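A.B. asks: The sequence shown maps to residues 0 to 447 in numbering that gives the first Met the number 0.
Backbone N, C-alpha and C fix where the C-beta goes; we use that ideal spot for every residue, glycine too.
Treat the numbers as computed from the prediction; the structure is a model and nothing was measured.
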Amino acid sequence: MDYHSVHEFIGSFRFHFLAITPAATTVLIFLVILLFMLSFLLAGSEIAFFSLTFKDINVLKTKKQPAYRRIVSLLDQPKTLLASMLISNSFVNIGIILISNILIESWISGLNLTFWPVFLIKVGFVTSLLLLFGEVLPKVWATHHKIWFAATASLVVEIFGSIFYRFSKRMVRLSDRVERRFSSETSAAMDSSNLDYAIDLLPEHEATTEEKSILKGIRKFGDTTVKQVMRTRLDVCGIDNSNSFRDVIKKIEELHYSRLPVYKNNLDEVVGMLHTKDILPFINESAEFDWHTLIRQPYFVHEQKLIEDLLQEFRNRRMHFAVVVDEFGGTSGIVTLEDVMEEIIGEIKDEFDDEESSNKKIDDHNYIFEGRTMINDVCKAMKLPTDTFDTLRGDSDSLAGLVLEIAGEFPQVNEEVISGDYIFVPLEINKNRIDKIKITIKEQTPES
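1) Rounded C-beta distance between Y298 and V322? I'm assuming under 8 Å.
2) Can you look up Y67 in the DSSP assignment and give me helix, strand or coil?
3) Would you say the region 114–124 touches the region 70–89, given that touching needs at least three Cβ pairs under 8 Å?
4) Do you know offhand how far F90's Cα is from I101's?
5) Less than 8 Å separating the beta-carbons of N240 and K219?
6) Alpha carbon to alpha carbon, how far is N88 from R172?
7) Mapping the DSSP letters down to three states, classify H274 as helix, strand or coil.
8) To which residues of the same chain is L33 closer than 7 Å at the C-beta, ignoring the five residues directly before and after it?
9) Any idea which residues DSSP pairs F90 with across the strands?
10) Using the DSSP secondary-structure output, state which residues sit across from M373 in a beta bridge.
11) Name the DSSP bridge partner or partners of N429?
12) In the DSSP assignment, find the alpha helix (DSSP H) that holds F49 and state where it starts and stops.
13) Taking only the alpha-carbon atoms, compute the straight-line gap between F132 and S44 and give it to the nearest angstrom.
14) Looking at S99 and V125, is the spacing between their C-beta atoms short of 8 Å?
15) Give me the Cα-Cα distance between R69 and K62, rounded to the nearest whole angstrom.
16) Would you call the region 224–231 and the region 278–296 in contact, with 3 or more CB pairs under 8 Å?
17) Over the uninterrupted beta strand (DSSP E) stretch that includes P260, give me the two end residues.
18) What alpha helix (DSSP H) runs, 4 residues minimum, are completely inside the region 302–352?
19) Taking only three categories from DSSP, how would you classify S186?
20) Name, in chain order, the residues that DSSP records as bridge partners for I438.
21) Is it the case that the Cβ atoms of L73 and S167 are separated by a distance below 8 Å?
22) Applying the 10 Å Cβ sphere with the 16-neighbour rule, what's the burial state of P260?
23) Using only CA atoms, which one of F409, N265, Y256 and S285 lies nearest to L273?
24) So K437 and N365 are in contact, right, with Cβ under 8 Å, and what is the actual spacing, rounded?
25) Shortest alpha-carbon distance to I28 belongs to which of V71, G94 and F327?
26) Where does the unbroken alpha helix (DSSP H) through S161 begin, and where does it stop?
27) For E415, count neighbouring Cβ atoms within 10 angstroms of its own Cβ and tell me buried if that reaches 16, exposed if not.
28) In the DSSP output, which residue or residues are listed as bridge partners for D222?
29) What would DSSP say about D389, mapped onto helix, strand or coil?
See below:
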């Protein structure tokens, strides 16, 4: 068989094998458009999802829309999410290249072009479209509309994430092994514990103990949520909307608070806030005085709100008091300007605060805390990193909640609940509430 015969055979094969009907062409065009749309969403998602800040994610946690919940859920495993996006986008782009190749081949098959012109047409056309719709446009758009883009693409990302989940997990494990094998040097970037250690190293003539404490408070201020500093519902005292004026006066005298929430039926129905200074001009009024006219509008905040943002809103609204609500709209507790400021400058005591706290240090290995004490405050008192119990705490923010998470059931008085190097012993239990807990740090025995 000579050269011309081979050339004619190849041309005939291309014509009969690659020739497609108009109906098939329509289907392939529709399919390639669909793949370009998927590539657009997947490419933009890489930017949209991973440019969301801690503050953005906290805002999304307060939303009830399914798309926002998907975003938060997907970002729980960022490495697996990124691997799924990259793998999915690679397969989609391969599909675009293959189908585009068939379409272009069928359109130019009658032109009798040599290999290089055909090759350049295919590469130039497909590459231009992929760069435009699969890289530049989606990533520019996602940069300027990250939350909208992430919400729009979340369902597609979740579907592809489910399809490639196992493959993505294997790829992540493989990359982690390679990284551990070849990374001989540790990262020079300072994490939180290193920064706290650096602050502690400052000499006394440059920073006092109080100033060091303030520096540490400022460092973590931007990552602290309202839920971590609020006064929980169990410790909130309020005024029933049905109380008489004399009952209100008596309640204020008992509690010594400058601001009190006013509620109907229970704390889930807070209708306002009463400022004691508003009561003073009417202190001698009769019992029939309508004190409800003095109620101020309540200010509600979500428990996932950052205290950095709350402080700014307190300043803008000229307020010192907010009611904290959970994702279901129920009252979680209250938060005041004092609670926020204490995260920076430490505990603020006034004439009505108890001088002696139930929280105390027995020795370097034994501590006693109230069950309602926040986990962050426990870590501070024990001089531990604030993330010490993060893997155990679940959704709990108080020490009592942490003990319940570890125990898996309600413990008895003096029952030891052990986790790692820590022993938790409930000392006082009132009904279904752990009031006082002893924490013991196991002493490290030197290895022989």
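C.D. replies: This is what the structure gives:
1) 7 Å
2) DSSP places Y67 in helix when its eight states are reduced to three.
3) Between the region 114–124 and the region 70–89, the count of Cβ pairs shorter than 8 Å is below three; the stretches do not touch.
4) 17 Å
5) no
6) 20 Å
7) strand
8) If you ignore the 5 residues before and after L33, its C-beta comes within less than 7 Å of no other C-beta in its own chain.
9) In DSSP, F90 forms no bridge with anything.
10) S397
11) R432
12) Start and end: P21 to F49.
13) So the two alpha carbons sit approximately 13 Å from each other.
14) yes
15) 11 Å
16) no
17) R258 to Y262
18) 306–316 and 336–344
19) Below a pLDDT of 50, predicted positions are generally treated as unreliable, and S186, at 48, falls in that range; the measurement from the model is reported next regardless. S186: coil per DSSP, three-state reduction.
20) Y366 and F423
21) no
22) That one is buried.
23) Y256
24) 7 Å
25) G94
26) K145 to I162
27) exposed
28) D222 pairs with nothing; no bridge assigned.
29) Here D389 carries a helix assignment [DSSP, helix/strand/coil].
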